Each structure stands twice: as structure tokens, then as C-alpha cells.
Amino acid sequence: MLCHGSQRGASRDECSCAWAADGPRFPAWCLGCPNTPVGLREAARRLTDSLAADAEQVIVSCLEFLPPHPPEAVSILADAGLNRVVIAPYLLGNGKHATLEMEEVLEDIASKSPGVELRLADGLGADIRIAELVRERISALPQAVREPADGGPVGILLVKAGTQTRYDDCLWLKELGGWVERDLGHGYAVEVAQSHYGDPTMEHAAAELVGQRGVSSIICVPYVFFPGMILRRNVLGTMRQLQEAYPDVVMSVAPPLGVDDRLVAVASDRVREAQTRVS
414 MLCHGSQRGA SRDECSCAWA ADGPRFPAWC LGCPNTPVGL REAARRLTDS LAADAEQVIV
474 SCLEFLPPHP PEAVSILADA GLNRVVIAPY LLGNGKHATL EMEEVLEDIA SKSPGVELRL
534 ADGLGADIRI AELVRERISA LPQAVREPAD GGPVGILLVK AGTQTRYDDC LWLKELGGWV
594 ERDLGHGYAV EVAQSHYGDP TMEHAAAELV GQRGVSSIIC VPYVFFPGMI LRRNVLGTMR
654 QLQEAYPDVV MSVAPPLGVD DRLVAVASDR VREAQTRVS
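Structure follows, in C-alpha cells:
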């Protein structure tokens, strides 16, 4: 289970609920999101249960910050007598980590564990189950936020962690946003964006929602797993700038994705697909 690592996110100041905090008091809808180390351990536990009949062992490995890193993780599995390993990227996007760096990771693993057969699963990508989870995160907010009294359309700004456009064209994210808008129904408009680095930007998406789609309020949905620096600095930081640019538009921020059985189910399917794929 290959993940992004982070040692941040233990403070609610780095989560969505900080947007609606009143001094030391956080909103009642706060989900108490885990930080990255805690969240990944729980996701791995659920993935182990889900793959009970199809995998002998699941181990979490992070590309950065948190050990064990991929070569060490595969060595642990090899030392346990396992000679075929599925690398399952528990990643939401198709950026540099999932493309260029993944090739380097596989080469590094192969050089250090030459006797292990490696299979690379697809990342989570666009999946209707994740679109359902996004809608659930929106529903965590108070009804007055989801259904404003003025009756105007509500804009949904779905924001993934940023990567350079040359690594991820975000077409999968646009597809996911289309599913979310379809299922939310009348009165909602969805635009997608990246938190930083590449297109589409949060500024562009907000301009589309306000200028072209006529929304009177915007709910930002951070398309990230856990609280941390990206959510605090890039997502909430840009939301503050957008609030200044559009003072008459009410802006809210939904919780991040966190740990959820639907994410684990998608990851399980990706692993099984890799296991049955003909080399």
C-alpha cells in the first residue's frame, strides 16, 4: 500500500473545521479527522480485512517522511517469504508521484529485491464510490450551508492536491466532478481545481462558479485524505483570498475524505485487477 507520507495534520488548525472555528471552539460537524500516520494505519487495517482471501500481508509504505520507504517495505515482505508483491498506490491523483516517480520507485525496488515479482496496481482514480463519498462530506455541513435561504445555486469547488499540469491533465477529476454534480441535482454547480502548481486553478474555478454559473455560495471540498499543510496553506489560504475577491459570496469548507470503506473498496479492486492481469 504505497502512500504519500506526512507528519502533519495532528492539529485541527490544519483541517477544514478551522475555517468555521470561533476562536477555540470548533464547529459541531467536525469529524475529528485523523492525521496521516493514524489514518493510513487504519486504512491498511481495513484493506487487510478486505483482501483477506487475496493477500497474505498488507504493509504501508510512504514515498516520503514516514518509514518504511518502498524498497525497505518490499524487503520486509521478501524476508517473510513472499515472492510476489503488488504495489498498490493509495493515491488520489495521477501526478508526478504516480507517474514519473513511480517508475523510479519500481526500478529501485527491483534492484534491491531482484527475486521478487512486482505488479503495479492502478491508483484510485475516478470511481463512482468516491463521488458518493464527496457528496457525503458535503452533507456533513449544516443544512443552512447546503441549502441557503436566498435559494441561489450552490457552487461546489472540488480541490485536489496540486501537481504540474504536464503530469496530470485532471480529466479524471473533471469526470468525477461531473458525477458529483449529476447526483447532487438541481441547485448545484461543480467545478474542479488544483490547490497549487497546475491548472485548473482555484481562482479560475471560482470565477467560473460565480461569473458563469451564477452561484451565491461556494462549498470547497478538499479532495485530500487527511489534514495537513496542503489543506491549511494551499486550500484554506486560497479560500481566504477568494473570500476577499468575492465578499458577497458565502464560502464554506467541507471535511476532507479521511478513512472510508469506499476508498478501501476501490483500492481492493485495483489490487485484484493487478493480480489477475496477464503479464
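Residue numbers for the sequence shown follow our numbering, beginning at 414 and rising by one. A virtual CB, placed ideally from N, CA and C, is assigned to each residue, including glycine. Since this is a predicted model, take the numbers as computed values, not measurements.
With 16 as the cutoff for other CB atoms within 10 Å, does residue i come out buried or exposed?
i	result
Leu584	exposed
Asn647	buried
Arg550	buried
Ser463	buried
Ser681	buried
Glu516	exposed
Phe478	exposed
Ser429	buried
Gln607	buried
Ser424	exposed
Ala362	The displayed coordinates of the chain run from 414 to 692. Any statement about residue 362 would go beyond what the structure contains.
Gly698	Not covered by the structure: residue 698. The range shown for the chain is 414 to 692.
Glu427	buried
Which residue comes first and which comes last in the alpha helix (DSSP H) that contains residue i?
i	result
Glu545	Ile541 to Ser552
Glu485	Pro483 to Asp492
Glu594	Leu584 to Leu597
Leu533	Not the alpha helix (DSSP H): Leu533 falls in the beta strand (DSSP E), residues Glu530 to Leu533.
Val498	Looking at the DSSP string, Val498 is not in any alpha helix (DSSP H); the run it does join, the beta strand (DSSP E), is Arg497 to Ile500.
Val451	Thr449 to Ser463
Val558	Gln556 to Arg559
Cutting at 7 Å between CB atoms, please list the residues of its own chain near residue i, excluding the five before and the five after it.
i	result
Leu531	Val498, Ile500, Leu519, Ile522 and Ala523
Ala457	Met414, Val471 and Val473
At what residues does the beta strand (DSSP E) containing residue i begin and finish?
i	result
Gly568	Val567 to Lys573
Ala602	Tyr601 to Gln607
Val684	No beta strand (DSSP E) holds Val684; the alpha helix (DSSP H) holding it covers Asp674 to Thr689.
Val665	Per the sequence shown, the amino acid found at residue 665 is Ser instead of Val. Counting along the chain, the beta strand (DSSP E) containing Ser665 begins and ends at Val663 to Val666.
At a cut-off of 7 Å, would you count residue i as near the ligand ATP, judging by its Cβ distance to the nearest heavy atom?
i	result
Asp596	Summarising the ligand content, the structure contains no ligands, and the ligand ATP is consequently not present.
Among residues of its own chain, excluding the 5 on either side of residue i, which ones have a beta-carbon nearer than 6 Å to its beta-carbon?
i	result
Gly598	none
Three or more C-beta pairs below 8 Å linking the region 664–672 and the region 439–458
Output reads yes: the region 439–458 touches the region 664–672.
Threshold first: 3 residues or longer. Then list the beta strand (DSSP E) segments lying entirely within the region 613–661, N to C.
630–636
Counting beta carbon pairs with one atom in the region 570–588 and one in the region 609–626, are three or more of them shorter than 8 Å?
yes
Would you check if there are 3 or more beta carbon pairs closer than 8 Å linking the region 599–607 to the region 529–546?
no
Decide if the region 637–645 is in contact with the region 581–598; the criterion is three or more beta carbon pairs, one per stretch, under 8 Å apart.
no
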